[in-house]
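Numbering follows this note's numbering, in which position 69 of the sequence shown is assigned residue number 102; successive positions increment by one, without gaps.
By construction, the Cβ of each residue, glycine as well, lies at the ideal position given by its N, Cα and C atoms.
One structure is given here, and the rest of the page talks about it.
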Amino acid sequence: MLINVAAIRRAENGTGTFDLQKDFSQVSTRLEGVVFVAPVHVKIQVDNSGDSLLVRGQIKSELDVQCDRCLTAFRYPVHIDYEDEWIYAPQATEEQSETALIFDKDDIDLTERIYEQIILEFPMRFICSPQCKGLCSSCGENLNQKSCDCVQDDIDPRLAALAKWPRED
Numbered sequence: 034m035l036i037n038v039a040a041i042r043r044a045e046n047g048t049g050t051f052d053l054q055k056d057f058s059q060v061s062t063r064l065e066g067v068v069f070v071a072p073v074h075v076k077i078q079v080d081n082s083g084d085s086l087l088v089r090g091q092i093k094s095e096l097d098v099q100c101d102r103c104l105t106a107f108r109y110p111v112h113i114d115y116e117d118e119w120i121y122a123p124q125a126t127e128e129q130s131e132t133a134l135i136f137d138k139d140d141i142d143l144t145e146r147i148y149e150q151i152i153l154e155f156p157m158r159f160i161c162s163p164q165c166k167g168l169c170s171s172c173g174e175n176l177n178q179k180s181c182d183c184v185q186d187d188i189d190p191r192l193a194a195l196a197k198w199p200r201e202d
């Protein structure tokens, strides 16, 4: 995902749009059961703001993931708004280099940044639907597909002794 920004960088108030696509199916997400199934599509606009380039746009793709409640495979859509500030290395001040990304040639490779943005947008747990009931903790039955006859004892074993405590009704 290499973009050439030479003309944008040299033109005062220069701007440019890019429509990029890359196959990430061979890229490891380092997470079990998470695989890119659609190419990563990136639409960005690059604006020269004088001392830096503002890169912003949208990232879209699709992942095959496994629900963390019921273990069912499902498609997870990726839609991310992306924005970064890039500064040409010879012009970067020390303060700018702490907050912006640095590039030293007329090309900016966005591949790593796009990958990072996708990974950072992952939820803590992939859930197939808000109504997902998960698996039975006793027999392992998928409760979304059928009910089980297991007795649900929801008493924390550490508090089980309190059940013997006399009650005042």
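Considering residue 106, what are the terminal residues of the beta strand (DSSP E) in which it resides? As a position in the sequence shown, residue 106 is number 73, starting the count at 1. Note, residue 106: beta strand (DSSP E), 106-121.
Jot down the residue ranges of each uninterrupted beta strand (DSSP E) in the region 51-114, minimum 3 residues, whole runs only, in chain order. 73-81 and 86-99
Proximity to residue 90 [Cα-Cα], best of 126, 115, 185 and 156: Reading the sequence shown from its first residue, position 57 is the one you call residue 90. Residue 90 has its Cα closest to that of 115, out of 126, 115, 185 and 156.
Residue 160 by DSSP, collapsed to three states: which one? Along the sequence shown, read from residue 1 onward, the residue named residue 160 stands at position 127. Coil, per DSSP.
The region 72-87 touching the region 124-138, judged by at least three CB pairs closer than 8 Å: yes
Quick one: is residue 70 buried, meaning 16 or more other Cβ sit within 10 Å of its Cβ, or exposed? The residue labelled residue 70 in the question sits at position 37 within the sequence shown. Exposed is the call here.
For residue 188, which three-state DSSP category applies? In the sequence shown, counting from the first residue as 1, residue 188 sits at position 155. Of the three classes helix, strand and coil, the one that applies to residue 188 here is coil, per DSSP.
Length of the line joining the Cα atoms of residue 110 and residue 54: Here residue 110 is taken as the residue at index 77 of the sequence shown, counted from 1. Here residue 54 is taken as the residue at index 21 of the sequence shown, counted from 1. Cα to Cα, residue 110 sits roughly 16 Å from residue 54.
Rounded separation between residue 124 and residue 52 - CA only: Mapped onto the sequence shown, residue 124 falls at position 91. Mapped onto the sequence shown, residue 52 falls at position 19. When rounded, the distance between both Cα atoms is 27 Å.
Where residue 159 and residue 113 are concerned, what is the direct C-alpha to C-alpha distance, given to the nearest angstrom? Sequence index remark: in the sequence shown, residue 159 carries index 126 (1-based). Sequence index remark: in the sequence shown, residue 113 carries index 80 (1-based). For residue 159 and residue 113, the distance between alpha carbons rounds to 16 Å.
Excluding the 5 residues flanking residue 58 on each side, which residues of the same chain have their C-beta closer than 6 Å to its C-beta? Locating residue 58 in the sequence shown gives position 25, counting from the first residue. Within the same chain, residue 58 has close Cβ partners 69.
Do you know how far the Cα of residue 97 is from the Cα of residue 179? Position 146 of the sequence shown, counted from the start, is the residue given in the question as residue 179. Position 64 of the sequence shown, counted from the start, is the residue given in the question as residue 97. Answer to the nearest angstrom: the Cα atoms are 24 Å apart.
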